[in-house]
Structure formats: structure tokens, C-alpha cells
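Peer 1:
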Amino acid sequence: MSSSPLSCTVRRTESTTDLLAVLNGADPGFESYLLASWSPGPPDQEDIVLPDLAALLDEPLALRKPRTGHTPSRLLTWHCSILSNGRAALTDDQWFELTWKVLDATGIEPDDDPDACRWVALRNTGDRLDLVATVIRQDGRWARLHNDQRWARFACEDFARDHGLTARR
6 MSSSPLSCTV
16 RRTESTTDLL
26 AVLNGADPGF
36 ESYLLASWSP
46 GPPDQEDIVL
56 PDLAALLDEP
66 LALRKPRTGH
76 TPSRLLTWHC
86 SILSNGRAAL
96 TDDQWFELTW
106 KVLDATGIEP
116 DDDPDACRWV
126 ALRNTGDRLD
136 LVATVIRQDG
146 RWARLHNDQR
156 WARFACEDFA
166 RDHGLTARR
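Going by my numbering, the sequence shown opens with residue 6, and the numbers climb by one from there.
(1) Mind checking which residues open and close the alpha helix (DSSP H) that includes R133?
(2) When the Cα of Q154 is compared with those of R142, I141, D109 and T22, which residue comes out closest?
(3) Quickly, what does DSSP pair A126 with across the bridge? List them, please.
(4) If distances are taken between C-alpha atoms only, which option among R17, P115 and T21 comes closest to L58?
(5) Under a Cβ-count criterion, where at least 16 other Cβ atoms within 10 Å of its own Cβ denotes burial, should M6 be classed as buried or exposed?
(6) Which residue or residues does DSSP assign as beta-bridge partners of A172?
(7) I'd like to know whether the C-beta atoms of P47 and L61 end up nearer to each other than 8 angstroms.
(8) For D98, which option in S9, H168, S12 and T14 has the closest C-alpha, if you only look at C-alpha atoms?
(9) Within 10 Å of its beta-carbon, does R16 have 16 or more other beta-carbons around it, so buried, or fewer, so exposed?
(10) Please list, in chain order, all residues of the same chain as D116 whose beta carbon is under 8 angstroms from its beta carbon, the five residues on each side excluded.
(11) Below 8 angstroms on the Cβ atoms is my guess for L40 versus T104; work out the distance and round it to an integer in Å.
(12) R17 bridges to which residues according to DSSP?
(13) Taking the alpha helix (DSSP H) that E162 falls in, what are its first and last residues?
Take a look at the structure:
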């Protein structure tokens, strides 16, 4: 077992659509849902279809080439998976708070940045949160993601310490 109450993994992938499809089927016994998103974000959850959500997330990518003349690289979808190894289950409010800490710490959506990356926080299992974002900001620039894995882990460690979370034994 992990000695940390929250484990965090950050990776990049090529397809937002494929990633969302995989995440949506993560636990067949759990009804996945959209916990939070960028502002103003997608329409209400009942109306959202995964390919449409992926297209909305990827809009800044499609706009980048006309703005800059550069074709973006291939690994433009950012994924941070956070697993709770704690004794107590986290509430949606706690997952929401953790989402903001990780997004700010990694540079996906620094506090008070209206042109930050588009992102969603998905609850796909009872003990896991998946953050999915594009690494191209809404203003067409690259997000500053230097050491994002490290900063995400630090945010999770700080959150666990601040909330007195302990790992299962």
C-alpha cells in the first residue's frame, strides 16, 4: 500500500477524445460525472456528450495555428490522476478544493487567469479524480508546465496535511 493518502500521476497524451472515453469507462459500477470545469465551461452535465466535451476542450488547439502559424506538437492533452489511499473518502467539496490547488500549482489555471487552459475535473470512481486539460491556453500560448508532476504532488501532499488525511494500512 502507498504511504501517502493521495497519490498523483501526471502524463500527456495525443487525443482528448480517446482519453475521456477511457476515463468514462474506468469503473462500470460508478456513475461518472463532471465535478468542475474551466469558466464559463461546457453546458450542464446532462447535455454534454464526451466527443462534444473533447471538442470544447480542444478549441484553443484549433485556434492556435491561425493565430501563430505554428502547428502544435502531438502531446497536447494533459491528464492528472489523483487516487485517494486515505482511510476516509473525500467529499465532492474536498475534491473540488484539491482540484483548484493542483490546477494553480501546475500552471494549468493559475489563480485569476482568464486566459488559462481549458480543463475538466471528472469523478470516474469513488476514490479517484481525473483532471484533463489542453496545454494550449485560451489565448493561444503554451501553458507554463515546468515540473508539473512535482508541483501536483506537492499540492496533494499539502492538501493531505492541511486536512489531516492518513493513508490506509
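Quick reminder that beta carbons are idealized off the backbone N, C-alpha and C, glycines included.
Peer 2: In brief:
(1) No alpha helix (DSSP H) holds R133; the beta strand (DSSP E) holding it covers R133 to T139.
(2) Of the listed residues, the one whose Cα sits closest to Q154 is D109.
(3) A126 has A41 and L136 as its beta-bridge partners, per DSSP.
(4) Ranking R17, P115 and T21 by Cα distance to L58 puts T21 first.
(5) Bear in mind that the predicted position of M6 carries a pLDDT of just 43, short of 50, making it unreliable; the figure below should be weighed with that in mind. Exposed, by the Cβ-count rule.
(6) The partner list for A172 (beta bridge, DSSP) reads G91.
(7) Yes; because the gap between Cβ atoms is below 8 angstroms, this pair is in contact.
(8) Closest option to D98, Cα to Cα, is H168.
(9) With a threshold of 16 other beta carbon atoms within 10 Å, R16 falls short and is exposed.
(10) Counting only Cβ-Cβ distances below 8 angstroms, and skipping sequence neighbours, we find D109.
(11) Confirmed, about 7 angstroms.
(12) Beta-bridge pairing links R17 to W83.
(13) Here the alpha helix (DSSP H) through E162 covers D153 to D167.
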